[in-house]
Ligand SMILES: Nc1ncnc2c1ncn2[C@@H]1O[C@H](COP(=O)(O)OP(=O)(O)OP(=O)(O)O)[C@@H](O)[C@H]1O
């Protein structure tokens with residue numbers, strides 16, 4: 001395990017901001033750390049980086065115990081803050097070269113490493129200065145910088161939150177590729193982003209982990225749920241289908257129907273036809289984490 005978090009509690013004054021957190025993160029995986037603003041995500045990341053003392057519990061990164069104020073365990077970590085800052089008057093390559101100097105990387109290793117990172121983050125052909133970069137480009141350069149010294153763990157704090165859909169998709173794709181060389185700890189409040197790339201997801205709510213699961217297991221659990229829209233409002237369709245055996249509920253004017261086998265699917269189709277309900281669209285349930293939040297928090 002690259003990360004072992006055992007019973008971590010963090011108190012500010014009389015307030016528990018993190019309560020009895022346990023996490024075990026295997027190598028070469030993407031671990032989604034999801035939670036609303038103020039849930040305590042940044043606090044846990046600061047604890048992992050040794051920037052805050054723990055009130056209780058212990059954190060180990062790549063076998064090294066994290067101690068407040070010491071940086072030994074940080075040698076294994078690359079960190080991407082939510083708003084990375086750079087010297088604006090360099091271009092990406094010059095900036096990474098500066099980082100290589102500052103971190104004492106042997107000169108003969110620079111070029112190849114910087115070439116492969118610029119390729120990974122899609123900045124290999126960009127020669128303009130960082131001050132002209134979009135937010136997405138800055139996040140991508142931030143990932144390259146964080147990965148420069150081949151850390152065992154890459155911690156990303158809300159890397160997609162301020163980006164447009166295209167920028168978000170690029171970051172998600174880069175993190176997915178980065179998993180081949182490191183382990184990614186991906187903090188976000190965007191459930192669909194976590195759902196797209198994570199192997200495991202832990203959900204933090206008011207300082208407590210309310211859910212922690214492998215995404216593959218979650219997919220199995222939800223694989224029989226289908227999302228229907230009709231030419232009539234979902235509420236109306238549900239009323240007409242009141243006598244059906246299928247389990248269903250409404251979400252955002254769609255009808256979510258649980259159809260566990262082919263027989264149930266055929267019966268449901270027949271019932272729709274009998275009631276002359278016209279289906280506008282149907283697709284498998286993908287918003288699993290949203291469902292979990294609704295179930296867990298009611
Ligand atoms: N140094 C501090 N002293 C007192 N309270 C703090 C301190 N740092 C954070 N908090 C409180 O702890 C709670 C969790 O904050 P944290 O920044 O960890 O949340 P978050 O999940 O990262 O949210 P965001 O995405 O908004 O940063 C908040 O209520 C915050 O006000």
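Residue numbers (UniProt numbering): 1 to 298.
Ideal Cβ positions, reconstructed from N, Cα and C, are used throughout, including at glycine.
Quick caveat, the model's predicted, so the values are computed rather than measured.
Would you identify the three-state DSSP class for residue 152, choosing helix, strand or coil?
-> coil
List in chain order: all unbroken beta strand (DSSP E) runs of 3+ residues lying wholly within the region 26-66.
-> 30-34, 56-61
Residue 43 CB to nearest heavy atom of ligand 1 below 7 Å = yes
Span of the alpha helix (DSSP H) holding residue 196?
-> 191-197
Along the alpha helix (DSSP H) that carries residue 228, what are the first and last residues, could you check?
-> Not the alpha helix (DSSP H): residue 228 falls in the beta strand (DSSP E), residues 225-230.
Secondary structure at residue 278, three-state DSSP: helix, strand or coil?
-> coil
Those residues which DSSP pairs with residue 91 across a bridge | 129
Straight-line CA distance for residue 162 to residue 135?
-> 8 Å
CB-CB length for residue 210 against residue 185, believed under 8 Å | Contact flag wrong, Cβ pair sits at about 18 Å.
Near ligand 1: residue 208 beta-carbon under 7 Å from a heavy atom | no
Considering only residues of the same chain and omitting the five flanking positions on each side of residue 52, which have a CB-CB separation below 6 Å?
-> 46
From what residue to what residue does the alpha helix (DSSP H) around residue 239 run?
-> 234-240
Alpha helix (DSSP H) containing residue 146: first to last residue?
-> 135-147
Reference residue 13; option with closest CA among 88, 193, 54, 49 | 54
Does the region 112-128 touch the region 25-37, meaning 3 or more C-beta pairs lie closer than 8 Å?
-> no
Taking residue 19 as the reference, which of 2, 57, 216 has the closest Cα?
-> 57
Which stretch, first to last residue, makes up the alpha helix (DSSP H) that contains residue 293?
-> 288-297
From what residue to what residue does the alpha helix (DSSP H) around residue 119 run?
-> 107-120
Taking the alpha-carbon positions, what's the residue 137 to residue 181 distance?
-> 21 Å
Is any heavy atom in ligand 1 found nearer than 7 Å to the beta carbon of residue 7?
-> no
Ends of the alpha helix (DSSP H) at residue 219?
-> 215-222
Could you check what DSSP says for residue 258 in three-state terms: helix, strand or coil?
-> strand
Using a threshold of 7 Å, is the CB atom of residue 32 nearer than that to any non-hydrogen atom of ligand 1?
-> no
Ligand 1 heavy atom lying under 7 Å from the CB of residue 35 | yes
With a 10 Å radius around its C-beta and 16 neighbouring C-beta atoms as the bar for buried, classify residue 263 as buried or exposed.
-> exposed
Just the Cα atoms here: how many angstroms apart are residue 88 and residue 112?
-> 24 Å
Residue 136: beta carbon under 7 Å from a heavy atom of ligand 1?
-> no
Is it the case that the Cβ atoms of residue 151 and residue 59 are separated by a distance below 8 Å?
-> no
Would you say the beta carbon of residue 38 comes nearer than 7 Å to a heavy atom of ligand 1?
-> yes
Opening and closing residue of the alpha helix (DSSP H) in which residue 247 lies = Careful: residue 247 lies outside any alpha helix (DSSP H), inside the beta strand (DSSP E) at 247-251.
For residue 201, which beta-bridge partners are listed by DSSP?
-> 32, 213
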